[in-house]
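Since the structure comes first, as structure tokens, the remarks are kept for the end.
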Amino acid sequence: MPSIEGVFAVVQTEWIPPSVDISVPSMARTYDFLLGGAHNFAVDRALAEQVERVMPDARSAARVNRAFLGRVVRHMIGQGVTQFLDIGSGIPTVANVHEVAQAVDPRCRVVYVDKDPIAVAHSELMLADNDHAAIVHADMRDPAAILGHPETRRLIDFDQPVGLLVLMMLHWVPDEADPWGLMATYRDALAPGSHLAITHVTADQQDERLTDVTDLIKDSRSADQLTERSHDQVLALFGDFELVEPGLVGCAAWRPGGPGDISDTPEMNMVIYGGVARKP
1 MPSIEGVFAV
11 VQTEWIPPSV
21 DISVPSMART
31 YDFLLGGAHN
41 FAVDRALAEQ
51 VERVMPDARS
61 AARVNRAFLG
71 RVVRHMIGQG
81 VTQFLDIGSG
91 IPTVANVHEV
101 AQAVDPRCRV
111 VYVDKDPIAV
121 AHSELMLADN
131 DHAAIVHADM
141 RDPAAILGHP
151 ETRRLIDFDQ
161 PVGLLVLMML
171 HWVPDEADPW
181 GLMATYRDAL
191 APGSHLAITH
201 VTADQQDERL
211 TDVTDLIKDS
221 RSADQLTERS
231 HDQVLALFGD
241 FELVEPGLVG
251 CAAWRPGGPG
261 DISDTPEMNM
271 VIYGGVARKP
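Once you know that position 206 of the sequence shown is 206 in the working numbering, the rest is easy, because the numbers rise by one and skip nothing.
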């Protein structure tokens, strides 16, 4: 008869896709841990704990970014947007885009995109009974695969305004991969009246702790490596779209609705830039 420990180990690994190397941390799973999620491994938790030793309020920064997502989705719906493309959606947690959007307007349609197989597997389970939302397994650096995917085409009408969300993603795209050209491709696919939201880690106004975090990620052998960018560099990702007020700011300062949208640690309110822009 198998031991309790053996049964528990089988249950714990049943949800892991066979292609996943659980000896190397994933930033999607590390972020999941920082948000209080359960779909992460010891190697992800170890990296998160190292990050927290350097930057004790890292969880607060993750929470502030998540709160930004909800405010942005509601703002876009207020501007008439009812279809959303969330690139780099990550492992499902609380207040996912379709939950926020469909609570306001049940007609809203959402396509999630992620390259992490665990994020995709759990999104498929979450969306199994939702005909107005789907997950696409793809890398954001392959816009043709995302924009032309059958699920994207089923749910998104690119002749109508789209809410494009690229949150906490572009700092994983190195300069040599040209994130500015990549975003131009996505912007060109959108109809006038569409909105683009971006959040991006920045070293502006930060001390050496962010450099130390970048070095920790580099040493972890993760496939995801952090590239901090300046205000001007992040601003350029919006191209000729028109920024809505208050512009590109620390994401906690983007139309906060209450204390839960802001960190008690001032630096954590500025470690991530956030902004929303409209295509004229």
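Backbone N, C-alpha and C fix where the C-beta goes; we use that ideal spot for every residue, glycine too. Bear in mind the structure is a predicted one, so any value in this text is a computation, not a measurement.
Check: First and last residue of the beta strand (DSSP E) that includes Ala-184?
Finding: Position 184 of the sequence shown, counted from the start, is the residue given in the question as residue 184. It is not in any beta strand (DSSP E) - Ala-184 instead sits in the alpha helix (DSSP H) that spans 179-188.
Check: Got a sec, what are the start and stop residues for the beta strand (DSSP E) Gly-304 sits in?
Finding: Residue numbering for the chain in the displayed model covers 1 to 280; residue 304 lies beyond these limits and cannot be assessed.
Item checked: Nearest-angstrom Cα separation, counted from Asp-116 out to Val-43 -> Residue mapping note: residue 43 aligns to position 43 of the sequence shown, counting from 1. Residue mapping note: residue 116 aligns to position 116 of the sequence shown, counting from 1. Approximately 16 Å between the Cα atoms of the pair.
Checklist line | Backbone CA spacing between Ala-253 and Phe-241 [nearest angstrom] | finding: For this step, residue 253 is matched to residue 253 along the sequence shown. For this step, residue 241 is matched to residue 241 along the sequence shown. Using only the alpha carbons, I get a separation of about 20 Å.
Next item on the list: Could you spell out the range, first to last residue, of the beta strand (DSSP E) harbouring Leu-165?
Entry: Here the question's residue 165 lines up with position 165 in the sequence shown. Leu-165 -> beta strand (DSSP E) spans 163-167.
Next item on the list: Drop a sphere of 10 angstroms on the beta-carbon of Gly-257, count the other beta-carbons inside from all chains shown, and report buried for 16 or more, exposed for fewer.
Entry: Taking the first residue of the sequence shown as position 1, residue 257 is located at position 257. Under this definition Gly-257 is an exposed residue.
Check: Can you pull the DSSP bridge partners for Ile-272?
Finding: Stepping through the sequence shown from its first residue, residue 272 is reached at position 272. Answer is Val-201.
Check: Is Ser-23 buried or exposed, if buried means 16 or more other CB atoms sit within 10 Å of its CB?
Finding: The count along the sequence shown starts at 1 and reaches residue 23 at position 23. Flag for Ser-23 reads exposed.
Next item on the list: Return helix, strand or coil for Leu-35, following the three-state DSSP convention.
Entry: One-based indexing of the sequence shown puts residue 35 at position 35. Reduced to three states, the DSSP call for Leu-35 is coil.
Checklist line | Buried or exposed by the 16-neighbour rule on C-beta atoms within 10 Å, applied to Gln-205 | finding: By 1-based counting over the sequence shown, the position of residue 205 is 205. Counting Cβ neighbours within 10 Å, Gln-205 comes out exposed, since fewer than 16 surround it.
Note to self: Excluding the 5 residues flanking His-137 on each side, which residues of the same chain have their C-beta closer than 6 Å to its C-beta?
What the structure shows: For the purposes of this step, residue 137 is taken as residue 137 along the sequence shown, with counting starting at 1. Apart from sequence neighbours up to five positions away, the residues of its chain that approach His-137 with a beta-carbon distance below 6 Å are Val-120, ordered along the chain.
Check: Just the Cα atoms here: how many angstroms apart are Asp-264 and Ala-61?
Finding: Locating residue 264 in the sequence shown gives position 264, where the first residue counts as 1. Locating residue 61 in the sequence shown gives position 61, where the first residue counts as 1. Those two C-alpha atoms are separated by around 10 Å.
Next item on the list: Flag this pair as touching only if the region 172-184 and the region 144-157 have three or more C-beta atom pairs under 8 Å; answer yes or no.
Entry: no
Checklist line | Gln-83 versus His-75: straight-line alpha-carbon distance, rounded | finding: Here residue 83 corresponds to residue number 83 of the sequence shown, with the count starting at 1. Here residue 75 corresponds to residue number 75 of the sequence shown, with the count starting at 1. For Gln-83 and His-75, the distance between alpha carbons rounds to 13 Å.
Margin query: Please tell me whether Val-94 and Asp-86 are closer than 9 Å, where the distance is taken between their beta carbons.
Written below: As a first step, residue 94 is located in the sequence shown; it is residue number 94 there, counting from the start. As a first step, residue 86 is located in the sequence shown; it is residue number 86 there, counting from the start. Cβ atoms of Val-94 and Asp-86: not closer than 9 Å.
Check: Can the beta-carbon of His-195 be found closer than 9 Å to that of Pro-161?
Finding: Indexing the sequence shown from 1 puts residue 195 at position 195. Indexing the sequence shown from 1 puts residue 161 at position 161. Result yes, Cβ atoms of His-195 and Pro-161 sit closer than 9 Å.
Margin query: For Arg-255 and Ser-89, what's the separation of their Cα atoms in angstroms?
Written below: As a first step, residue 255 is located in the sequence shown; it is residue number 255 there, counting from the start. As a first step, residue 89 is located in the sequence shown; it is residue number 89 there, counting from the start. Their backbone Cα atoms lie some 22 Å apart in a straight line.
Next item on the list: Could you check the C-alpha separation between Arg-29 and Asp-224 for me, to the nearest Å?
Entry: Taking the first residue of the sequence shown as 1, we reach residue 29 at position 29. Taking the first residue of the sequence shown as 1, we reach residue 224 at position 224. Rounded to whole angstroms, the gap between the alpha carbons of Arg-29 and Asp-224 is 11 Å.
Next item on the list: Quickly, what does DSSP pair His-195 with across the bridge? List them, please.
Entry: For the purposes of this step, residue 195 is taken as residue 195 along the sequence shown, with counting starting at 1. Paired residues: Gly-163 and Arg-278.
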